[in-house]
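Beneath this line is the structure, given in structure tokens, with notes to follow.
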Amino acid sequence: MNVASGLQSANNLHQGYQNWKKENPNAAAAVNAVTGVAEQVVRGKGDKLDAVSSKDIRKDIGNKIFKESRKEMLQQNNGLCEYCQNRVATQGDHIIPANQFAKDVNDNKKTLDEARREANSRENIVGSCGGKDGCNQIKGARELSSTPGKGKFVPSNPTDKIKDIINKSEQQ
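Under full-length UniProt numbering, the sequence shown has 142 at position 142, and the numbering climbs by one with no breaks.
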């Protein structure tokens with residue numbers, strides 16, 4: 001079997017699975033929960049298979065969990081941003097960026113289901129201000145830190161919760 005026919009077979013199998021999922025949503029949810037491996041590879045262009053991305057972390061169950069977590073987190077800290085405490089929290093931010101969870105899936109450290117659940121959990125989402133100059137956009141996919149540097153975000157006026165998270169991550 002050459003690469004092209006292998007990819008065609010995989011594509012046919014994937015399409016059949018997608019159809020089955022639509023017809024059997026409860027069974028599909030059970031399969032995803034039990035195996036944790038469904039849809040770990042996202043189909044790419046041509047003969048290339050693309051790895052899981054941060055966008056994949058927010059799909060399916062991840063999106064549902066994120067919405068629930070965000071709703072709760074926006075109400076904490078009197079509705080103010082956990083990073084600056086100056087503006088209203090209008091967005092949920094992933095403390096550990098979603099791209100780190102995608103990397104863990106690609107490195108076979110986590111299943112896609114595990115990554116989606118952990119990345120979007122209440123423990124990993126905080127209320128953040130949004131907009132062009134908002135903390136969420138400034139932080140982006142960078143990690144929290146108390147010292148500036150490449151790939152690091154230093155909050156201007158973090159809550160005690162954020163300070164604790166930074167201290168724990170820097171002690172590891």
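Every residue gets a Cβ at the ideal spot worked out from N, C-alpha and C, and that includes glycine.
Remember, predicted model here, so these are calculated numbers, not experimental data.
Report the rounded CA-to-CA distance for K71 versus K132, giving the unit in angstroms.
-> By one-based count along the sequence shown, residue 71 stands at place 71. By one-based count along the sequence shown, residue 132 stands at place 132. When rounded, the distance between both Cα atoms is 21 Å.
Below 8 Å CB to CB, which residues in the same chain sit around K59 once its five sequence neighbours on both sides are set aside?
-> Walking along the sequence shown from the start, residue 59 turns up at place 59. Taken in chain order, the residues that qualify are R116.
What separation, rounded to the nearest whole angstrom, lies between the Cα atoms of A27 and D56?
-> The residue given as residue 27 occupies position 27 in the sequence shown. The residue given as residue 56 occupies position 56 in the sequence shown. Those two C-alpha atoms are separated by around 21 Å.
Given 8 Å, three or more beta-carbon pairs between the stretch 133 to 144 and the stretch 76 to 93 | yes
Buried/exposed call for V105, threshold 16 Cβ in 10 Å = Along the sequence shown, read from residue 1 onward, the residue named residue 105 stands at position 105. Burial call: buried.
Could you tell me which of L80, S121 and N108 sits nearest to C129, measuring between CA atoms?
-> Position 129 of the sequence shown holds residue 129. That would be L80, whose Cα lies nearest to the Cα of C129.
Kindly indicate the opening and closing residues of the beta strand (DSSP E) around S128.
-> Sequence index remark: in the sequence shown, residue 128 carries index 128 (1-based). Where S128 is concerned, the enclosing beta strand (DSSP E) stretches over I125 to S128.
Between the Cα of V126 and the Cα atoms of K161, K22 and D107, which residue gives the shortest distance?
-> As a first step, residue 126 is located in the sequence shown; it is residue number 126 there, counting from the start. Of the candidates K161, K22 and D107, the one whose C-alpha sits nearest the C-alpha of V126 is K161.
In angstroms, rounded to a whole number, what distance separates the CA positions of F66 and Q76?
-> Here residue 66 refers to the residue found at position 66 of the sequence shown. Here residue 76 refers to the residue found at position 76 of the sequence shown. When rounded, the distance between both Cα atoms is 15 Å.
First and last residue of the beta strand (DSSP E) that includes Q91?
-> Taking the sequence shown and counting its residues from 1, one reaches residue 91 at position 91. Element bounds for Q91: Q91 to H94.
Tell me, to the nearest whole angstrom, how far the beta carbon of A102 is from that of S53; I am working on the premise that it is less than 8 Å.
-> Taking the first residue of the sequence shown as position 1, residue 102 is located at position 102. Taking the first residue of the sequence shown as position 1, residue 53 is located at position 53. At roughly 5 Å, the Cβ-Cβ gap stays under 8 Å, so A102 and S53 are in contact.
When you compare only the Cα positions, how much space is there between P148 and W20?
-> Within the sequence shown, numbered from 1, the residue matching residue 148 stands at position 148. Within the sequence shown, numbered from 1, the residue matching residue 20 stands at position 20. Approximately 49 Å between the Cα atoms of the pair.
Close Cβ partners of E23 (< 7 Å) along its chain, the five nearest in sequence each way excluded = Counting from 1 along the sequence shown, the entry for residue 23 is found at position 23. Counting only Cβ-Cβ distances below 7 Å, and skipping sequence neighbours, we find nothing.
Reference N157, options K150, G151, S169 and L144, closest by Cα = Working through the sequence shown from its first residue, we reach residue 157 at position 157. N157 has its Cα closest to that of L144, out of K150, G151, S169 and L144.
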